[in-house]
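If you read the sequences in order, they're chains A and B. Sequential numbering of the first sequence, starting at 400, is according to this note's numbering. Sequential numbering of the second sequence, starting at 4, is according to this note's numbering. We put the beta carbon where it would ideally sit given N, CA and C, even for glycine. Here the structure is a predicted model, which is why all the values come from computation and not from measurement. A short write-up of the structure that comes next.
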Amino acid sequence: GENVEQHPSTLSVQEGDSAVIKCTYSDSASNYFPWYKQELGKRPQLIIDIRSNVGEKKDQRIAVTLNKTAKHFSLHITETQPEDSAVYFCAASINTGFQKLVFGTGTRLLVSP
Amino acid sequence: GAVVSQHPSWVICKSGTSVKIECRSLDFQATTMFWYRQFPKQSLMLMATSNEGSKATYEQGVEKDKFLINHASLTLSTLTVTSAHPEDSSFYICSAQSSSGSRNTGELFFGEGSRLTVL
């Protein structure tokens, strides 16, 4: 089955800096890669996703890159703000009619003012 | 985005009792729902895939007799933790994927989560 690894487990940056979180996956058949932001005690919120037919996607300060050959994908947050502080999870899935997601271990991002 | 609602948001129960958690898709139909468990400071671990009108598919290591799942309609799935013990204390989250109409983008929508504490 699919295995998703995520690094780093914690990341501290200064406000305005960029943050990069990296994930690798094992199943070459995976074709959908979402990123979620989870605040303490809350539900995961989808922030960006990418499908296997593209290599990069950007939405304002957030971007995701995908390298299918190497089986890794990354989340890039630019101009970080304190409200970006949260736990971020990557995930991978194979769409067989429904999305059965396998999550990474999570990255706790702390943005200091 | 689409709305998935979970109830209760938190529950405290005595060891040995059973607890039922409901997951509802409020504005779309969901043929498939997923149940996750999240221990403190850990990732979301998929417990089972709930299919409307059929038996749930459980992940390896998840006891199907302990975690009963019922998906009786296209908008409701329930998870019952039977004979709960302190080690079952966790954050349980459901998610649903729309199976029809404009919501059928493949995106998963998560419920608010239910925090279970077993004394």
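Minimum C-alpha distance to residue i - residue among the options
| i | options | result |
| --- | --- | --- |
| A:D448 | A:K441, A:G454, A:P433, A:Q437 | A:P433 |
| A:I420 | A:A469, A:N430, A:Q405 | A:Q405 |
| B:E90 | B:F113, B:T34, B:R40 | B:R40 |
| A:G505 | A:T423, A:V412, A:D416 | A:T423 |
| B:S53 | B:C97, B:F42, B:E115 | B:C97 |
| B:Q130 | B:R118, B:T83, B:M50, B:F112 | Outside the displayed span of chain B (4 to 122) sits residue 130 of chain B, for which this structure offers no information. |
| A:K436 | A:L445, A:N430, A:S429, A:A428 | A:L445 |
| B:F94 | B:M48, B:T83, B:Q32, B:L119 | B:L119 |
| A:N430 | A:A490, A:P512, A:S511 | A:A490 |
| A:I500 | B:A33, B:Q9, B:G114, B:L47 | Contrary to the premise, residue 500 of chain A reads as Leu rather than Ile in this sequence. Considering only alpha carbons, the answer is B:L47. |
| A:Q459 | A:F472, A:I476, A:Y487 | A:I476 |
| A:Q413 | A:E482, A:Y487, A:F502, A:F488 | A:E482 |
| B:V121 | B:V84, B:A75, B:A33, B:E110 | B:V84 |
| A:V463 | A:K441, A:R442, A:P443, A:F488 | A:F488 |
Distance between residue j and residue i (C-alpha atoms, nearest Å)
| i | j | result |
| --- | --- | --- |
| A:V403 | A:Q498 | 15 Å |
| A:E455 | B:W38 | 30 Å |
| B:V65 | B:K44 | 20 Å |
| A:Q480 | B:N73 | 42 Å |
| A:D426 | A:S451 | 12 Å |
| B:R106 | B:D30 | For B:R106, the pLDDT reaches just 46, beneath the cut-off of 50, and the residue's location in the model is therefore unreliable, although a value from the coordinates is still provided. The alpha-carbon atoms of B:R106 and B:D30 are separated by roughly 9 Å. |
| B:C26 | B:G116 | 9 Å |
| B:A87 | B:K69 | 8 Å |
| B:A33 | B:F113 | 12 Å |
| A:I461 | A:S417 | 10 Å |
| B:A75 | B:Q9 | 16 Å |
| A:H471 | B:E55 | 34 Å |
| B:L111 | A:R442 | 12 Å |
| B:L101 | A:S473 | For clarity, residue 101 of chain B is Ser in the given sequence; the question names Leu instead. Whole-angstrom Cα-Cα distance: 27 Å. |
| A:K457 | A:E478 | 14 Å |
| B:M36 | A:V453 | 27 Å |
C-beta neighbour in chain D for residue i, strict 8 Å
| i | result |
| --- | --- |
| A:T504 | This model lacks chain D altogether; the protein chains it does include are A and B. |
Contact set for residue i: own chain, Cβ-Cβ below 6 Å, skip 5 residues either direction
| i | result |
| --- | --- |
| B:V28 | Note that residue 28 of chain B is Ser in the sequence shown here, rather than Val. Cβ within range, chain order: V7, T78, A99. |
| A:L509 | S411, S484 |
| B:T81 | K23, E25, N73 |
| A:F502 | F488, A490 |
Same chain only: Cβ atoms within 8 Å of residue i, ignoring 5 sequence neighbours per side
| i | result |
| --- | --- |
| A:S408 | T504, G505, T506, R507 |
| A:A428 | I493 |
| A:S511 | S411, V412, Q413, E414, P481 |
| A:E401 | Y424, S425, D426, S429, A491, S492, I493, V501 |
| B:K67 | A51, A59, Y61 |
7 Å Cβ shell around residue i - same chain, five flanking residues per side excluded
| i | result |
| --- | --- |
| A:E438 | A485 |
| B:F42 | S93 |
Residue i: CB within 7 Å of a non-hydrogen atom of the ligand NAP
| i | result |
| --- | --- |
| A:T423 | Inclusion of the ligand NAP in the displayed structure is not the case, the ligand content being empty and no account of it being possible. |
In chain order, which beta strand (DSSP E) runs of at least 3 residues are fully inside the segment 45-77 of chain B?
48-54, 70-76, all fully within the segment 45-77 of chain B.
Quick test of the definition: if touching needs 3 or more C-beta pairs under 8 Å, does the segment 5-14 of chain B touch the segment 56-63 of chain B?
No, because fewer than three Cβ pairs between the segment 5-14 of chain B and the segment 56-63 of chain B fall closer than 8 Å, the two stretches do not touch.
Does the segment 462-470 of chain A touch the segment 17-34 of chain B, meaning 3 or more C-beta pairs lie closer than 8 Å?
With the cut-off at 8 Å, the segment 17-34 of chain B and the segment 462-470 of chain A do not touch.
Any chance you could list the beta strand (DSSP E) runs of at least 3 consecutive residues sitting entirely within the segment 465-490 of chain A, in chain order?
List check, beta strand (DSSP E) in window: 471-476.
What beta strand (DSSP E) runs, 3 residues minimum, are completely inside the segment 405-435 of chain A?
Runs found: 409-413, 418-424.
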